[in-house]
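Chains as they are written, first to last, in the working numbering: chain A, 1 to 134; chain B, 1001 to 1134; chain C, 2001 to 2134.
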Amino acid sequence: MKVKNIAVKSKSRTEFIDITSEIQKLIDNEGIKNGICFLFVPHTTAGITINEGADPSVQKDIQTLLTRLAPQDLNYLHREGNADAHIKSTIVGVDKFVFIEDGRLVLGTWQAIYFCEFDGPRHRRVVVKILSDD
Amino acid sequence: MKVKNIAVKSKSRTEFIDITSEIQKLIDNEGIKNGICFLFVPHTTAGITINEGADPSVQKDIQTLLTRLAPQDLNYLHREGNADAHIKSTIVGVDKFVFIEDGRLVLGTWQAIYFCEFDGPRHRRVVVKILSDD
Amino acid sequence: MKVKNIAVKSKSRTEFIDITSEIQKLIDNEGIKNGICFLFVPHTTAGITINEGADPSVQKDIQTLLTRLAPQDLNYLHREGNADAHIKSTIVGVDKFVFIEDGRLVLGTWQAIYFCEFDGPRHRRVVVKILSDD
């Protein structure tokens, strides 16, 4: 299939947005039974991660710790005030894949897929491409 | 091929387990000559990395440094005592791919594939899917 | 296609080298129209990331921050003086994929693909494999 875009709208500077059900919906719409779903974030101050979907405090802890590692106000060379967001993007990464079996994303019990905003609020997107086995 | 599971059993809270030969065995059994091997960890307090396989002190140094970055006893919101493990999982990542050529994993001289346990000991698994060129 | 190697030559201990145009050239030469380009770094003291390609100070900030997180002179077990480089490799990662549409890499406006040297200067390589839709 051709690549598809999923629109994401963040409301804070730092925010994790659960996109699992949107991606599952896309798989349903495409009628994919088995394959691999590839996800790519075309931004340099955002990322994508797969982590705990049950307790929302986990995503908060991850965000807080990343800010501890890369504070916004260090003496950065980049003068746009978002060097920290670029760094978090490289640490977390912008690409991720998930298997598809019997029409469902193959995720662990506690896993959810998160778009990671590090320099919001902004209109963002996730680019998706699915390789089908069939 | 359908996804396969590789069972992993960790014995410590933090531990890197070399799964390279297990994955090579799977490729042998499937008779794959050329393609890509995709590896996915369906857990939120574990990860997967590819790093030095010769000197075991490297994996210890990585574990120690990650604990320095995300200590277990910070003032986390998540109350299960393993917020640090979730954070390490996001930093290291849960998905990884390796090429296959002439029936062998395409790894550098010093590279080995490690399952990264951050909240063991536990019974874990790695989900594997291989795309064959043929 | 079979895997191809892109040669990379670093000149400093820590350095990000923009390999976007080299990869685009490979796609042009192979005549790939639509698919996925998989990139793999077969080294344990280097990595690959996708980040800002416009302002060179961003890559400097990322390098500086990573060194702040993993300084070269900590009390590491690994005695070769490059434990920090191994750690950075695991944090940044050694595998990355980018979609191809209409013969072009699908990157965001500001994105460039960087080989990340953490223990140079050295002769390095990036292994590339492209899955074509056609």
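Here a beta-carbon is modelled for each residue, glycine too, at the ideal position from N, C-alpha and C.
A quick note: this is a predicted structure, and the numbers were derived from the prediction, not measured.
Rounded to the nearest whole angstrom, the C-alpha separation of B/I1113 and B/D1018 is 6 angstroms. If you compare the alpha carbons of B/S1012, B/K1004, B/S1132 with that of B/E1117, the shortest gap goes to B/S1012.
At the C-beta level, A/V92 and A/I6 stay beyond 8 angstroms of one another. If you keep only unbroken beta strand (DSSP E) runs of at least 3 residues inside the stretch 10-78 of chain A, you get 15-18, 35-40, 46-52. According to DSSP, C/F2115 shares a beta bridge with C/I2017, C/I2048.
Considering only A/N82, A/H86, A/M1, the residue with the shortest C-alpha distance to A/E30 is A/M1.
Between B/F1115 and chain C, the shortest Cβ-Cβ separation is not below 8 angstroms.
Remark: C-beta atoms of B/E1101 and B/N1034 approach each other more closely than 8 angstroms.
Counting along the chain, A/V98 sits inside the beta strand (DSSP E) bounded by residues 95-101.
Against chain B, the CB of C/P2042 has a partner CB under 8 angstroms away; the residue lies at that interface. Counting of Cβ neighbours within 10 angstroms places B/R1104 among the exposed residues, the total staying below 16.
In the DSSP assignment, A/V106 falls outside any alpha helix (DSSP H) and carries neither an H nor an E.
Here the stretch 1019-1026 of chain B does not lie against the stretch 1071-1087 of chain B, with fewer than 3 beta-carbon pairs under 8 angstroms apart. Chain-ordered, the chain C residues with CB closer than 7 angstroms to the CB of B/T1049 read T2090.
C/E2052 belongs to the set of residues whose beta carbon lies under 8 angstroms from a beta carbon in chain A. The CB of B/K1002 comes closer than 9 angstroms to the CB of N34, E101, D133 in chain A, given here in chain order.
Inclusion of C/L2069 and B/L1069 in the CB contact set at 8 angstroms is warranted, their separation being smaller than that value.
Secondary-structure assignment with DSSP links B/V1127 through a beta bridge to B/N1005, B/F1040.
Using beta-carbon distances, B/F1038 counts as an interface residue toward chain A, with a partner under 8 angstroms. Annotation for B/D1133: no alpha helix (DSSP H) segment contains it, and DSSP assigns it neither H nor E. A straight line joining the alpha-carbon of B/E1015 with that of B/G1047 spans about 11 angstroms. Within a 10 Å sphere around the beta-carbon of C/T2045 sit 16 or more other beta-carbons, which makes this residue buried.
Identification of chain A residues near C/F2097 by a Cβ-Cβ cut-off of 7 angstroms yields F38, D95, ordered along the chain.
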